[in-house]
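Data first, discussion second: the structure below is written as C-alpha cells.
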Amino acid sequence: MTTKANLLAFSIDCADPRALAAFYHEVTGMEITYAEDEYAALTDGTVSIYFGRVADRKPVVWPSPDKQFHLDFRVPDMERAAEEYVALGATRPEFQPGITEEGTRWIVLQDPQGHLFCLCPLQS
1 MTTKANLLAF SIDCADPRAL AAFYHEVTGM EITYAEDEYA ALTDGTVSIY
51 FGRVADRKPV VWPSPDKQFH LDFRVPDMER AAEEYVALGA TRPEFQPGIT
101 EEGTRWIVLQ DPQGHLFCLC PLQS
C-alpha cells in the first residue's frame, strides 16, 4: 500500500513574492504569515501557498502549451469576483474556454505576475 500524503503547500515561482502574497491575500483572505523580498507565505491554517523569488521568470502566454499549472477558486459570483480581482491587478485574457453559448462555466484570469487562475461557481 502506498503511503498517503497530505498537501502542505503549493509553491509559486515569481518575481516579487511580497506583492504576489498581498494579491492572493486579497483574493483568498488567507493570512500572510511571512513576507520578504525572497519569500512569502499565506495560510488558511491547513494549506499554504508559498511564493519564491525567481528574478528572470517569464509569464506564459495564454493560451499556450507552456502553462504548467493554474489555481481554481470557487466564488459566489464569478463576474463580480473577476471585476474585483482585475481592480487588484489581475488581467482577463481574451481567450475564455469556459464561456460558451450555454453560459459561463469558469473564468480565466492572470494574476499581476502572469500566473493563470480560474474562478469557478460555488455549484457546478
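Just so you know, the sequence shown maps onto residues 1 to 124 in UniProt numbering. Even for Gly, the Cβ is constructed at its ideal location relative to N, Cα and C.
Cβ neighbour criterion (16 or more within 10 Å) applied to residue i
| i | result |
| --- | --- |
| Pro17 | buried |
| Pro65 | exposed |
| Asp37 | exposed |
| Val108 | buried |
| Asp72 | exposed |
Min CB distance residue i to chain C below 7 Å
| i | result |
| --- | --- |
| Glu94 | In summary, chain C is missing from the structure at hand, where a single protein chain is found. |
Residue i to residue j span [Cα, whole Å]
| i | j | result |
| --- | --- | --- |
| Thr33 | His25 | 10 Å |
| Ala5 | Phe95 | 35 Å |
| Met1 | Leu7 | 19 Å |
| Trp62 | Gly114 | 9 Å |
| Ala22 | Val54 | 17 Å |
| Asp56 | Asp13 | 10 Å |
| Gln123 | Met78 | 11 Å |
| Thr97 | Val60 | The sequence shown places Pro at residue 97, not Thr. Each residue's alpha carbon lies about 17 Å from the other. |
| Arg92 | Gln110 | 6 Å |
| Ala40 | Cys118 | 22 Å |
| Ala35 | Leu20 | 10 Å |
Distance cut-off 6 Å: residue i Cβ against heavy atoms of the ligand MG
| i | result |
| --- | --- |
| Tyr50 | The ligand content of the structure shown is nil, which means the ligand MG is not present either. |
Complete runs of the alpha helix (DSSP H) confined to the UniProt domain "VOC" (4 to 122) [at least 4 residues]: 17 to 28, 78 to 87
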